[in-house]
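In what follows, a single structure is set out as structure tokens and then discussed.
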């Protein structure tokens, strides 16, 4: 099972992101992310055995992370992975400081347990499409989505031909800074 920690939107907030998913699919094709799987990954841990998973679930029960507000309205893409995503607008360095602190705090809790970040830089985003084709990203536009995450979860992912099946394994407490 592959593990990751993510801010998980409510059903109504995920529905607000769906117009971006639909417009991205119309422009780039690919495989759409299902509404019930939309999320913002804070830490991807990768493939993990059941014993290690159990230890992590037990360890993270007392963890907490900051939350704040953001506006999702900046599309982007990871070309090598063929992923089209939606990220938060940032008008000032302080505006998303809480989000970067949450990422750093989480990795600070994970590293003593033997986990290391896989990505050199944290790029907050919600994936909209996988296996996206070519196209001009500047044509992708949609309504701004204001979001204050109220849920952060540890998720186990099992890939299948129709997309991954996600299971919430633990939930972290959130606090306002």
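Residue numbers (the working numbering): 26 to 202.
For each residue, glycine too, the CB sits at the ideal point set by N, CA and C.
- Between the C-alpha atoms of residue 137 and residue 130 there is a straight-line separation of about 12 Å.
- The beta carbon of residue 157 sits closer than 8 Å to the beta carbons of 49, 53, 54, 55, 102, 107, 108, 109 from its chain, once the five residues preceding and following it are set aside; these are given in chain order.
- In the three-state scheme derived from DSSP, where H, G and I count as helix and E and B as strand, residue 68 is classed as strand.
- Ranked by how close their Cα comes to the Cα of residue 166, the residues 135, 45, 147 have 45 in first place.
- Counting only the Cα atoms, residue 32 lies some 6 Å from residue 64.
- Put simply, the backbone Cα of residue 115 is about 35 Å away from that of residue 185.
- For the set 36, 125, 51, 178, the Cα lying nearest the Cα of residue 146 is the one of 125.
- Every beta strand (DSSP E) of 3 residues or more that sits fully in the region 129-178 is shown, in chain order, as 151-155, 170-172.
- The closest CA to that of residue 96, considering only 163, 41, 142, is found on 41.
- Residue 62 sits away from residue 26, with the two beta carbons spaced by 9 Å or more.
- DSSP places residue 60 in the helix class (H, G or I) of the three-state scheme.
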